[in-house]
Each structure stands twice: as structure tokens, then as C-alpha cells.
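Trainee:
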Amino acid sequence: MLISIVERSLFRDKDGGTKVVKHRFLGFLIWQALQSTAVFFLSKTLLLSLFTRTPFKPSFLSIFAFIVFHFSLFIFSTSLFIISSPRPQRAASPFELLLGTARLILVPISNSQPLLSPDFRLRARASISFVLFVAVSAVSASLSVITLCSSCNAFDQLKQRRLVIGKLGFWGLQIGLLYGVHFVYNKRWVLQFPIIQRPPFFSFKMGLPLAVGKALKLSAAGYVLSAILAFVLPYEFKGQLPVGNFITEQILFYIGSFVVILCWELCHHLHQVLLTKRSVFAPPKGSAAAETNPSEPLLAALEESTPKSLLQYLAYLDLCMVCEGNVDPWRRAAFFEESGETYKRVISVCLTPVEQFTRNVSEVLESSPVDNSLQLSHQLRSPNEQLADSKVYESFDDFQLLAWCARIVASLTVHSHKEDRFGVAQLSGSNAAVISTLLSSLLAVETLMGKKTNLQSSNTLMDPAGIKWATLNPGRRDSAAGMAGRRKGAPFYAKAYSMADILKTSIYGIISAFYDEMSHSAKAGLLEKDWIISSKPLYGTRELLSQKLRLFLDFQAS
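Residue numbers (the working numbering): 6 to 563.
#1: Would you call aspartate 521 buried or exposed, if buried means 16 or more other Cβ atoms sit within 10 Å of its Cβ?
#2: Could you say if the segment 299-308 and the segment 80-89 meet the contact criterion of at least three C-beta pairs nearer than 8 angstroms?
#3: Going by DSSP in three states, valine 112 sits in which element: helix, strand or coil?
#4: Given this structure, state the Cα-to-Cα distance separating valine 195 from arginine 92, to the nearest angstrom.
#5: What is the rounded straight-line gap between the Cα of leucine 104 and the Cα of alanine 339?
#6: What span of residues does the alpha helix (DSSP H) with asparagine 365 cover, start to end?
#7: Mind checking tryptophan 36: buried by the 16 CB within 10 Å criterion, or exposed?
#8: When we look at the beta-carbon of tryptophan 176 and count the other beta-carbons within 10 Å, is it buried (16 or more) or exposed?
#9: With H, G and I counted as helix, E and B as strand and the rest as coil, what does DSSP make of lysine 553?
#10: Answer yes or no: do isoleucine 538 and serine 441 have a C-beta to C-beta separation smaller than 7 angstroms?
#11: On a CA-only basis, which of Tyr318, Glu101, Lys509 is nearest lysine 282? Give me that one, please.
#12: If I'm right that serine 362 touches lysine 500 with Cβ under 8 angstroms, what's the distance once you round it to whole angstroms?
#13: Serine 353: which of Ala293, Ser433, Leu223, Leu39 sits nearest, CA to CA?
#14: DSSP has serine 90 in a bridge; who is on the other side?
#15: Nearest to glutamine 179 by CA position, among Leu85, Leu280, Ser262, Phe46, is which residue?
#16: Nearest to glutamate 533 by CA position, among Val25, Tyr502, Arg29, Leu558, is which residue?
#17: Mark glutamine 255 as exposed unless 16 or more other C-beta atoms lie within 10 angstroms of its C-beta, in which case mark it buried.
#18: CB-CB under 7 angstroms to arginine 128, same chain, minus the five flanking residues each way: which ones, in chain order?
#19: Since alanine 146 and glycine 171 are thought to touch, with beta carbons under 8 angstroms apart, how far apart are those beta carbons, to the nearest angstrom?
#20: Go ahead and pull the three-state DSSP assignment for glutamine 165.
#21: Measuring from the CB of serine 441, is there a heavy atom of the ligand NAP at a distance below 6 angstroms?
#22: Does DSSP put glutamate 101 in a helix, in a strand, or in coil?
#23: Does the segment 211-229 come close enough to the segment 282-293 that 3 or more CB-CB pairs lie under 8 angstroms?
#24: Can the beta-carbon of valine 26 be found less than 7 angstroms from the beta-carbon of leucine 279?
#25: By DSSP, does threonine 546 sit in helix, in strand, or in coil?
#26: What distance in whole Å lies between the Cβ atoms of valine 265 and valine 150, which are believed to be in contact at a cut-off of 8 angstroms?
#27: Look at histidine 276 and leucine 85 and say whether their C-beta atoms are less than 7 angstroms apart.
#28: Between which two residues does the alpha helix (DSSP H) carrying lysine 509 extend?
#29: Going along the chain, which residues of its own chain have a beta-carbon closer than 7 angstroms to the beta-carbon of valine 141, five neighbours each way excluded?
#30: To the nearest angstrom, report how far apart isoleucine 88 and alanine 131 are at their CA atoms.
#31: Report yes or no: do the segment 317-337 and the segment 415-425 share at least 3 C-beta pairs separated by less than 8 angstroms?
#32: Using the three-state DSSP reduction, which class does phenylalanine 286 fall into: helix, strand or coil?
#33: What do you reckon, are the CB atoms on alanine 438 and isoleucine 507 nearer than 7 angstroms?
#34: Once the 5 residues before and after methionine 504 are set aside, which same chain residues still bring their CB inside 6 angstroms of it?
#35: Are valine 453 and valine 359 close, meaning C-beta to C-beta below 7 angstroms?
#36: Which residue from Gly174, Leu111, Phe188, Arg108 puts its Cα closest to that of serine 134?
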């Protein structure tokens with residue numbers, strides 16, 4: 006409720022857009038502290054009842070342990086927020102970091118040219134943040150295990166209290182390192198926006214079983230790792246315990262590690278829920294700003310925020326829900342104002358990512374050799390081909406943003422058929438730009454997947470029955486098959502398949518809304534003139550786009 010109140014009033018300030026992320030982070034810390042407090046008292050009560058048979062009583066040591074426990078979770082939550090991103094980030098290798106450091110030290114500073122490229126700075130920053138997250142996870146786990154398990158009397162028979170704390174800290178260190186490496190390696194720091202936006206309470210409740218199951222698996226893996234590392238410890242550090250105390254020690258350690266990882270998993274799930282929740286970039290309905298220019302806060306967040314940032318992703322999410330749903334029809338109606346400037350700005354800001362993605366894929370396809378070398382394995386490919394695959398893989402890092410943009414422009418085009426009273430979509434040429442961009446992107450993605458895109462070639466034979474048969478060059482057929490085999494094994498193939506499906510669905514939506522108009526244009530021979538841009542498309546030719554559009558019009562595109 007506190008976050009919702011803040012979000013309603015965030016646009017009263019000039020820097021309101023930045024406050025969206027800040028207030029969500031503060032709300033995340035508050036809710037994380039509340040759930041961690043409940044877990045702490047429940048686990049403390051359980052451990053004391055199992056091993057000491059005494060109830061949990063407040064004391065100076067227990068209060069101090071409570072503060073240290075929350076401090077450990079605070080630094081973990083802060084590091085989690087720092088490394089989180091709505092898109093994957095490329096990290097620099099240790100060798101690249103070493104070269105960059107040497108360049109900073111040895112090369113004199115020049116005002117004309119920076120020593121390090123912006124891309125290297127971003128990758129170096131990502132590498133340092135990942136290393137710091139693993140280190141913070143290790144420290145946080147060590148402190149948490151000590152505060153949870155050190156007060157139990159299972160260790161009272163040990164002669165040195167310092168040895169007990171050292172052993173607990175070492176166990177927690179192993180758990181933290183294992184969790185941090187697992188978290189970074191599996192890219193769990195990437196924010197996953199849900200398909201259906203639910204209230205935060207229900208979204209959090211749905212993830213509780215998954216968090217408990219993940220905590221059980223990781224705590225079991227951490228226990229096995231600690232058992233393996235126990236063989237390499239010095240004899241003095243292992244200590245000597247009777248069999249009963251040794252078993253109690255192992256059970257206590259497993260429960261403590263499970264509680265710590267459970268807190269982290271709940272923290273991670275809460276972080277995902279709160280940061281991916283929709284934020285409304287609009288003034289309150291009925292206010293003066295809503296009557297004059299209700300789209301300006303949204304357009305400001307889309308155009309002026311840092312590219313590929315969380316704020317920009319939230320703005321695209323809000324725009325997608327406005328265009329596709331009927332919750333805020335007054336906001337969508339404001340896009341079709343008489344001057345047409347708002348509509349053109351919205352279409353432009355959504356077509357730009359799709360156009361850039363199509364250019365990147367087109368460059369890779371043009372640089373790919375068309376010969377039998379496409380059939381070689383991944384190890385035998387040249388460095389240029391591996392660099393091309395890496396460039397395509399980076400292009401698909403913005404898959405969520407690209408999907409939103411394709412759905413937004415398609416939905417706006419569909420709604421313009423009935424809601425555009427002034428005809429700004431058709432008069433401004435936006436409909437032709439949308440269709441051409443979606444078709445060009447679809448052709449590029451299908452070519453990347455190895456699908457034949459030359460629908461009708463000059464080598465076309467007509468048999469007596471009136472069936473057209475296309476004769477392909479054997480070399481091109483072999484290269485297409487080789488490209489298909491190579492791309493199917495690539496890590497971006499699944500995203501390419503999903504992207505093609507989203508583009509087809511978007512195009513079919515526009516075709517369904519403008520079917521009568523397109524049919525009349527096709528019969529009059531004006532389909533290409535009315536629905537394809539006059540300039541050169543981003544990928545393919547105007548004739549190829551026209552043939553592809555006719556297939557969609559006949560509902561034969563697959």
C-alpha cells in the first residue's frame with residue numbers, strides 16, 4: 006500500500022521517473038525485513054526447542070544476533086538490487102580486465118580519445134559487480150549461520166568458543182560461495198517480467214513452494230560440499246567431538262544453512278515481484294494534466310530515461326498494457342490526438358528497437374559465407390563466424406523489449422481502425438512503416454533460422470496443371486540446409502523461434518483488422534503502394550515484402 010501511494014504521487018516532481026525505482030527498492034527492503042524477522046524468530050524457536058528444550062528469551066546476545074542477522078540480509082539485498090538488470094549483461098574476462106588495468110596504468114591520459122571504450126567499461130562494471138555479489142553472499146551467509154546456530158548448547162562442550170564461531174563461519178562461507186556462484190552462473194539476476202500481472206500478494210504466494218524447494222536443494226548441495234571440504238581441513242580445526250554431538254552438529258548446520266538460503270530465496274522472489282510490477286506512467290484521472298497532455302509522463306520515461314534500464318522497461322510494459330487492454334481506454338485515445346505528433350512519437354519509440362534488431366541480424370546474415378563451410382562444426386568455424394553468432398546472441402538479449410514493441414505497434418495499428426477519428430495513423434504513413442518493419446524483421450529472423458525466404462524466383466517452371474515449381478541453385482540449397490543445422494544448435498534459436506511467432510501474431514492481428522481494405526488494395530494492384538514503404542526495407546526487397554504480405558493476406562504464412 007505504501008508503494009502504491011508513492012507511485013500515485015511520483016509525477017508531481019520533475020525527477021519522478023527516477024523515484025519509481027528508488028521507492029520500489031525501499032519498499033523491497035521493508036518487506037524483506039518483515040519476512041526475515043518472521044523466519045528468524047521461527048527458526049530460533051525451532052532450534053532452541055530441538056537442541057536445548059528451552060524457549061526463546063530476549064537478551065542482549067539475542068538482540069545483538071538479531072541485528073547482525075538483519076545486517077547480513079541487508080547487504081545481500083543491496084548487492085542483489087545492484088546486479089539486477091532487465092536484460093543479460095556481458096562480463097569482461099579476467100584477461101580483459103588485466104589488459105584494461107595495464108592500459109590505465111601505462112598509457113598516458115589523452116583528452117582526444119578515452120583509454121577504455123564504453124562497452125568495455127560496462128562489461129568491466131558487470132564483472133566487478135558479480136565478484137562483489139559472490140563475496141557479499143559469502144560474508145552474509147557466514148554472519149547469518151553464526152547468529153542462528155551459535156547460541157545452541159550443542160556446542161557448549163567445546164573448550165574454545167572461538168573455534169565454534171570459526172567453524173560456523175567457515176560453513177557459512179562455503180554456503181555463500183556456492184549460492185553466489187550458482188546465482189551468477191545461471192543468470193538469476195535477470196528480471197523476469199510475468200506474462201500476467203497479478204497483485205503482489207498473489208504473485209509472492211505463488212512463488213513460495215518454488216523458493217522452499219530451491220532452498221532444500223541448495224542447502225543439500227552445500228552440505229555435501231562442506232562434507233567434501235572437511236577432508237582437507239587441518240586436524241586442529243576439525244576438533245574432536247563425541248559421536249552424538251557430531252551428529253547434532255551436522256543436523257544443526259543443515260537446518261541453519263536451509264534457513265539462510267530460504268531467506269535469500271524469499272528475498273530474491275520478493276525482489277522479482279516488486280520490481281517487475283506494473284507502474285502507471287500517467288497523471289491521476291480527472292486532473293488538469295490528464296485533460297491537457299496525459300501521455301507526456303510516459304513519453305518522457307520512454308525517450309529520456311537511460312536506454313535498456315529498468316525504468317524504460319517499466320515504461321514499455323505500461324505502454325503495452327495500455328495498448329492491448331481496455332483498462333485505461335482514455336490513455337490510448339489520447340495517442341490519437343488531432344495533430345498526430347503523439348501517435349508518431351509512440352510508434353517511433355517502439356519501432357526503433359525492432360529496426361536496430363533487424364539491422365544487426367541483417368549484418369550477420371550478409372557477412373555469413375554461403376558455401377559448404379556452414380556445415381562445419383562449432384569448433385571448426387572461423388573467428389568471424391563466431392563473432393557473428395555472438396552479435397546475434399547479444400541482439401536477442403532485448404527479447405522482452407522487442408516482444409513488447411512488436412505487440413505495441415500491432416495493437417495501436419489495430420485500434421486505429423476504429424479509434425483513430427482523425428486518420429493520423431494512415432496519413433502519417435505509420436501503418437506502412439509498421440507493416441514493413443514487422444515483415445522485414447520476420448524475414449530476417451526466418452533466414453537466421455534457416456528458412457527459405459525467396460518465395461518466387463526467376464527460375465520458376467509451370468507444369469500443365471498450372472502448378473508453379475521453383476528450381477533452386479544446389480549451392481544455395483546446401484548452404485541453407487547447413488545454416489539451418491548450425492542455427493538450430495545455437496543458444497539463441499529458441500528466442501528466434503519465439504520472436505518469429507510474436508511477429509507473425511502481430512502481423513496477423515493487423516491483417517484481421519484491415520482485411521477488407523487490404524483485399525481491395527490487392528485487387529486494384531495497390532497493396533504494395535498502400536502498405537509497403539517506398540524506401541528500401543531494412544531486410545529484403547519491396548517485392549519480397551509484398552509477396553510475404555500476400556501470403557499473410559491469404560492466411561498461408563507459416
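Here a beta-carbon is modelled for each residue, glycine too, at the ideal position from N, C-alpha and C.
Mentor: Based on what the coordinates show:
#1: Exposed, since its Cβ has fewer than 16 Cβ neighbours within 10 Å.
#2: Verdict: no, contact absent.
#3: The answer is coil: DSSP assigns valine 112 none of H, G, I, E or B.
#4: The straight-line gap separating the alpha-carbon atoms of valine 195 and arginine 92 is approximately 6 angstroms.
#5: Between the alpha carbons of leucine 104 and alanine 339 lies a gap of roughly 53 angstroms.
#6: Per DSSP, the unbroken alpha helix (DSSP H) holding asparagine 365 starts and ends at 346-372.
#7: Under this definition tryptophan 36 is a buried residue.
#8: Tryptophan 176 is buried by the Cβ-count criterion.
#9: Helix at lysine 553.
#10: In contact: isoleucine 538 and serine 441 (Cβ atoms closer than 7 angstroms).
#11: Comparing Cα-Cα distances from lysine 282 to each of Tyr318, Glu101, Lys509, the minimum goes to Tyr318.
#12: One detail in the question is off: residue 362 reads as phenylalanine in this sequence, not serine. Incorrect: roughly 11 angstroms between the Cβ atoms, too far for contact.
#13: Closest option to serine 353, Cα to Cα, is Ser433.
#14: Paired residues: Val195.
#15: Of the candidates Leu85, Leu280, Ser262, Phe46, the one whose C-alpha sits nearest the C-alpha of glutamine 179 is Ser262.
#16: Its Cα nearest to that of glutamate 533, the residue Leu558 stands out among Val25, Tyr502, Arg29, Leu558.
#17: By the 10 Å Cβ count, glutamine 255 comes out exposed.
#18: For arginine 128, the CB contacts under 7 angstroms within the same chain, skipping 5 residues up- and downstream, are Arg95, Ala96, Ala97 in chain order.
#19: Not quite, the Cβ-Cβ distance comes to about 15 angstroms (not below 8 angstroms), so this is no contact.
#20: For glutamine 165, the predicted model reports a pLDDT of 49, less than 50, meaning its position is unreliable; a value from the coordinates is still stated below. The answer is coil: DSSP assigns glutamine 165 none of H, G, I, E or B.
#21: Looking at this structure, you won't find the ligand NAP or any other ligand, since it has none at all.
#22: When secondary structure is reduced to three states using DSSP, glutamate 101 falls in the helix class.
#23: The segment 282-293 vs the segment 211-229: no contact.
#24: Their beta carbons are not under 7 angstroms apart, which means valine 26 does not touch leucine 279 by this criterion.
#25: Assignment of threonine 546 by DSSP, reduced to helix, strand and coil, places it in the coil class.
#26: Yes, they are in contact, since the Cβ atoms of valine 150 and valine 265 sit about 6 angstroms apart, within 8 angstroms.
#27: Contact flag set, yes.
#28: Taken as a continuous stretch (DSSP letters only), the alpha helix (DSSP H) holding lysine 509 covers 498-518.
#29: Once the five neighbours on either side are set aside, the close Cβ partners of valine 141 are Ile80, Phe81, Ser84.
#30: Cα to Cα, the separation comes out at about 8 angstroms.
#31: The segment 317-337 vs the segment 415-425: in contact.
#32: Coil.
#33: Isoleucine 507 sits away from alanine 438, with the two beta carbons spaced by 7 angstroms or more.
#34: Closer than 6 angstroms at the Cβ level, and outside the excluded window around methionine 504, lie Val450.
#35: First, the residue type needs correcting, since residue 453 is leucine and not valine in the sequence shown. The beta carbons of leucine 453 and valine 359 sit no closer together than 7 angstroms.
#36: The candidate whose alpha carbon is nearest that of serine 134 is Phe188.
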